[in-house]
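*Asks:*
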Amino acid sequence: PHTTTYVDDFLSGAWGEWIEELFEVSGEVFRLTGMTEKLKKREKGFELVMLGFLFNSMTGVLKIPEEKCVEILALLRSVRERARRKQLVSLRELSSLGGKLTWGCAAVVCGSFYLRNLRRL
């Protein structure tokens with residue numbers, strides 16, 4: 859059986875003045891080694907979903923999709939309300955919250971700094 863693996867996802871995390879050369883050289887490496895590349899990701903200004911985030915290939919901006927924000931906010935509100943009422947919050951729920959916030963840190967500058975207290979629980 860044939861399996862297709864897209865290794866070009868790692869390129870989307872790098873941007874700057876040298877991104878054009880990076881895409882050009884990596885594209886050639888992909889072709890020479892027989893790896894698969896999604897050429898649509900090379901288009902300037904193209905917004906794609908990468909590891910659950912929205913990535914704009916022109917600006918290099920990584921965003922959390924709105925539906926994920928809504929999901930995380932609902933969980934945060936639930937935990938906050940129970941904490942205000944002095945009710946127990948399960949370890950599973952805290953772990954889920956911690957995981958979702960840790961995932962979101964990739965799109966928030968210095969985001970992991972704000973999770974320090976949650977990780978201590």
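Going by the working numbering, the first residue of the sequence shown is number 859, and it counts up by one from there. From the three backbone atoms N, C-alpha and C, an ideal C-beta is built for every residue, glycine too.
1) DSSP beta-bridge partners for V907?
2) Determine whether the beta carbon atoms of E924 and N914 lie at a separation below 8 Å.
3) Count the other CB atoms within 10 Å of the CB of L959; is the residue buried (16 or more) or exposed (fewer)?
4) Run the CB neighbour count on F971, radius 10 Å, all protein chains shown included, and call it buried at 16 or more, exposed below.
5) Is it true that the CB of I922 sits closer than 8 Å to the CB of G962?
6) Where does L955 land, buried or exposed, given buried means 16+ other C-beta within 10 angstroms?
7) Determine which residues share a DSSP beta bridge with K921 and list them.
*Replies:* Walking through what the data contain:
1) Position 49 of the sequence shown, counted from the start, is the residue given in the question as residue 907. As DSSP reads the structure, V907 sits in a beta bridge with L912.
2) Within the sequence shown, residue 924 is the residue found at index 66, counting from 1. Within the sequence shown, residue 914 is the residue found at index 56, counting from 1. Against a cut-off of 8 Å, the Cβ pair of N914 and E924 comes out as no contact.
3) Here the question's residue 959 lines up with position 101 in the sequence shown. Buried: at least 16 other Cβ atoms inside 10 Å.
4) Mapped onto the sequence shown, residue 971 falls at position 113. By the 10 Å Cβ count, F971 comes out exposed.
5) Position 104 of the sequence shown holds residue 962. Position 64 of the sequence shown holds residue 922. Yes, Cβ-Cβ distance for G962 and I922 is below 8 Å.
6) Indexing the sequence shown from 1 puts residue 955 at position 97. L955 should be labelled buried.
7) As a first step, residue 921 must be located in the sequence shown, where it is residue number 63. Partner(s): L912.
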